[in-house]
Structures are given as C-alpha cells and as structure tokens.
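Undergrad:
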Amino acid sequence: MTRIDDTFARLRQHGKKGFVSYIMAGDPDLETSLAVMKGLPAAGVDIIELGMPFTDPMADGPTIQLAGQRALESGQTLEKTLHMAREFRKDDSTTPIVMMGYYNPIYSHGVDSFLTDAKAAGIDGLIVVDLPPEEDSELCLPAQAAGLNFIRLATPTTDAKRLPKVLQNTSGFVYYVSITGITGAAAAQSVDVAPEVARIKASTDLPVIVGFGITTPEQAKAIASVADGCVVGSAIVKDIGSGMSVQDVLAKVAALASGAHAA
Numbered sequence: 358m359t360r361i362d363d364t365f366a367r368l369r370q371h372g373k374k375g376f377v378s379y380i381m382a383g384d385p386d387l388e389t390s391l392a393v394m395k396g397l398p399a400a401g402v403d404i405i406e407l408g409m410p411f412t413d414p415m416a417d418g419p420t421i422q423l424a425g426q427r428a429l430e431s432g433q434t435l436e437k438t439l440h441m442a443r444e445f446r447k448d449d450s451t452t453p454i455v456m457m458g459y460y461n462p463i464y465s466h467g468v469d470s471f472l473t474d475a476k477a478a479g480i481d482g483l484i485v486v487d488l489p490p491e492e493d494s495e496l497c498l499p500a501q502a503a504g505l506n507f508i509r510l511a512t513p514t515t516d517a518k519r520l521p522k523v524l525q526n527t528s529g530f531v532y533y534v535s536i537t538g539i540t541g542a543a544a545a546q547s548v549d550v551a552p553e554v555a556r557i558k559a560s561t562d563l564p565v566i567v568g569f570g571i572t573t574p575e576q577a578k579a580i581a582s583v584a585d586g587c588v589v590g591s592a593i594v595k596d597i598g599s600g601m602s603v604q605d606v607l608a609k610v611a612a613l614a615s616g617a618h619a620a
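Sequential numbering from 358 applies to the sequence shown in our numbering.
Given below as structure tokens:
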C-alpha cells in the first residue's frame with residue numbers, strides 16, 4: 358500500500374471524491390513554488406502532482422510550457438525538484454506526491470539513481486507522458502519494483518483494443534485526459550467524460566481521476582461527480598504565472614478543492 362492507495366481508501370471510506378493539483382516545480386522560483394506546495398494540503402489537495410520542467414513539453418499547452426520555461430530560467434533542476442519533495446516531507450508525511458513530466462530528465466539522471474533518490478525524497482508515483490506501455494521495461498517496471506506507483510494516461514482515443522495495454526502495469530490511479538489535444542486547450546464536459554470513465558472502470562479496479570480542461574469549482578464538482586476525482590493544473594499554474602501571491606493562489610486552490618469534494 359502506497360500513500361496514494363491509502364488516500365483513495367480514506368476518500369472512499371468518507372464517501373468523498375479526490376482533488377489533485379498540479380504545480381510546476383521551480384515556477385516562478387524554488388522558494389515560491391515550495392511555499393505553494395507546502396500550502397496545498399491545508400487548501401484541500403489530496404494528491405500533489407509536481408511537474409518536472411523540461412525544454413520540450415510536447416503534451417502541454419502554452420500555460421504549462423511557459424511555467425516550465427520560467428522554472429528552467431530560474432535554475433530549476435531535477436535535483437532541486439527532489440529537494441522540494443524532501444523539504445515538503447519534513448512537515449507532511451501523508452500527502453502523496455506524484456512527479457509528472459517527460460522521460461529525458463530521468464534518463465539523464467540515470468534510472469536507477471533517480472528511483473533511489475525519488476523514493477528517499479518521499480515521492481509516491483510517476484506520470485511520464487512520453488513513455489508508452491511498449492517501453493515498460495525502461496522505467497515503469499523498475500519504478501514499481503522500487504515501490505513507486507506508475508500512473509498511466511488514458512484518453513478519448515484510447516480504444517477497446519488499446520485500453521488493456523494501457524492498464525496492464527498501471528497502479529495508483531488511472532489519469533483520464535478529458536479532451537484531445539494539449540493541456541489548457543478546452544473545457545472538460547461531464548456528459549462526455551462519464552461514459553468514458555465507466556468504460557475504463559469496467560476494465561480496472563483502480564480509481565479514475567480526470568484532468569485537462571477544468572478551471573472552475575463548478576467544473577471540478579461536475580467532473581468529480583462522474584469519476585473518482587479530478588485534477589486541476591493549468592488554472593493553478595496560470596495564477597502562479599500571473600504573479601498572484603501564494604496566499605491568493607492557495608485560496609483559489611481551496612475553492613477548486615471544495616468543488617471536487619462537494620461532488
């Protein structure tokens with residue numbers, strides 16, 4: 358049982374849906390992003406997705422691309438991202454942290470070293486968007502052997518033939534991408550999401566969390582009501598990028614979390 362498993366068990370016990378938030382590590386700088394990260398659990402966040410900045414984020418829209426650029430320009434590295442997790446763990450031993458991003462920084466760090474360092478830093482899971490199931494031996498299987506969940510994305514184009522392959526070595530939860538295209542590009546619609554979530558849940562006992570296209574508490578509630586919870590990323594990252602204070606960012610996050618928890 359990982360912290361992610363424990364979190365969903367607790368949510369089920371209380372009849373609640375989960376709220377997952379994404380922030381880019383080091384955006385706009387290490388100090389600010391760490392302050393936001395430390396405030397997320399009190400704002401109602403159940404699981405934190407911590408973005409690893411990368412120079413070529415092909416699945417991300419302009420908002421998260423710019424966040425990654427700001428982070429890199431401020432000197433953020435993979436080691437500093439792991440440092441953020443270690444600092445967070447000094448005060449919080451229960452909130453799951455999922456590192457999300459692309460394989461290149463992990464490959465450059467060295468897979469074995471990365472998994473050792475990530476586990477020691479208190480990381481619970483990985484979402485690596487450019488490693489398909491055909492490459493499971495590269496990172497997915499070693500990660501699971503190290504005690505980390507490997508969370509896979511399913512999308513509207515993941516058909517019945519492809520879905521079993523996607524679910525094969527997935528653990529923790531399934532991240533359903535509610536729209537086709539990049540992050541922050543369109544609004545998620547619960548009427549479209551509901552049958553897709555049901556289709557995935559017919560093939561797995563894992564929780565299904567829906568992300569992409571959720572920007573308001575009302576949308577968070579609507580999407581969480583047809584899934585096991587929702588993820589908000591671009592809307593939070595946009596507020597951080599606008600120069601909003603940490604306190605005001607966390608207030609916006611709390612409103613989004615309340616929406617999801619009201620589902």
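For each residue, glycine too, the CB sits at the ideal point set by N, CA and C.
May I have the straight-line CA-CA distance separating Arg427 from Asp384, to the nearest angstrom?
TA: The residue given as residue 427 occupies position 70 in the sequence shown. The residue given as residue 384 occupies position 27 in the sequence shown. Between Arg427 and Asp384, the C-alpha separation is close to 6 angstroms.
Undergrad: What runs of the alpha helix (DSSP H), each 4 residues or longer, lie entirely inside the stretch 424–511?
TA: 435–446, 460–466, 468–478 and 497–502, all fully within the stretch 424–511.
Undergrad: What do you reckon, are the CB atoms on Ala612 and Pro574 nearer than 8 angstroms?
TA: On the sequence shown, position 255 is the one that residue 612 refers to. On the sequence shown, position 217 is the one that residue 574 refers to. Yes, the Cβ-Cβ distance between Ala612 and Pro574 is below 8 angstroms.
Undergrad: DSSP state of Leu520, grouped into three classes?
TA: Position 163 of the sequence shown, counted from the first residue, corresponds to residue 520. Note: Leu520 maps to helix in three-state DSSP.
Undergrad: Locate the alpha helix (DSSP H) running through Ser591, then write down its first and last residues.
TA: The residue you call residue 591 lines up with position 234 of the sequence shown. Element bounds for Ser591: Ser591 to Gly598.
Undergrad: Roughly how many angstroms lie between the CA atoms of Ile488 and His440, to the nearest whole one?
TA: Mapped onto the sequence shown, residue 488 falls at position 131. Mapped onto the sequence shown, residue 440 falls at position 83. Note on identity: in this sequence residue 488 is Leu, with Ile being the wrong assignment. Using only the alpha carbons, I get a separation of about 24 angstroms.
Undergrad: Can you tell me where the beta strand (DSSP E) with Phe569 in it begins and where it stops?
TA: On the sequence shown, residue 569 is found 212 positions in, with the first residue counted as 1. Element bounds for Phe569: n/a, residue is neither H nor E.
Undergrad: For Ser494, tell me which candidate among Asp516, Thr515, Gln525 and Thr512 has the shortest Cα-Cα distance.
TA: Residue numbering aside, residue 494 sits at position 137 when the sequence shown is read from its first letter. Checking every option, the nearest Cα to that of Ser494 belongs to Gln525.
Undergrad: Please report the residue range of the alpha helix (DSSP H) in which Ser615 lies.
TA: The residue you call residue 615 lines up with position 258 of the sequence shown. Val603 to His618 is the extent of the alpha helix (DSSP H) around Ser615.
Undergrad: Which stretch, first to last residue, makes up the beta strand (DSSP E) that contains Ser390?
TA: For the purposes of this step, residue 390 is identified with residue 33 of the sequence shown, where counting begins at 1. Taken as a continuous stretch (DSSP letters only), Ser390 belongs to no beta strand (DSSP E), being part of the alpha helix (DSSP H) at Leu387 to Gly396.
Undergrad: Mark Thr420 as exposed unless 16 or more other C-beta atoms lie within 10 angstroms of its C-beta, in which case mark it buried.
TA: To locate residue 420, count along the sequence shown from 1; it is residue 63. Buried, by the Cβ-count rule.
Undergrad: For the putative contact between Tyr621 and Glu553, defined by C-beta atoms under 8 angstroms, what is the C-beta separation to the nearest angstrom?
TA: Nothing can be reported for residue 621: it is not among the residues displayed for the chain, which extend from 358 to 620.
Undergrad: Measuring only the C-alpha atoms, how far is Glu436 from Met409?
TA: Taking the first residue of the sequence shown as 1, we reach residue 436 at position 79. Taking the first residue of the sequence shown as 1, we reach residue 409 at position 52. Roughly 10 angstroms between the two C-alpha positions.
Undergrad: Quick check: the stretch 376–390 against the stretch 493–513, are there 3 or more CB pairs under 8 angstroms?
TA: They do not touch, by the three-pair rule.
Undergrad: Just the C-alpha distance for Ala579 and Ser547, rounded to the nearest angstrom, thanks.
TA: In the sequence shown, the residue the question calls residue 579 occupies position 222. In the sequence shown, the residue the question calls residue 547 occupies position 190. When rounded, the distance between both Cα atoms is 6 angstroms.
Undergrad: Flag this pair as touching only if the stretch 599–609 and the stretch 553–562 have three or more C-beta atom pairs under 8 angstroms; answer yes or no.
TA: These segments do not touch.
Undergrad: CB-CB under 6 angstroms to Ala442, same chain, minus the five flanking residues each way: which ones, in chain order?
TA: Residue numbering aside, residue 442 sits at position 85 when the sequence shown is read from its first letter. Contacts found: Ile454, Ala478, Gly479 and Ile480.
Undergrad: If we ignore side chains and look at the alpha-carbon of each, how far apart do Ile404 and Ile508 end up?
TA: Position 47 of the sequence shown, counting from 1, holds the residue named residue 404. Position 151 of the sequence shown, counting from 1, holds the residue named residue 508. So the alpha carbons of these two residues sit roughly 13 angstroms apart.
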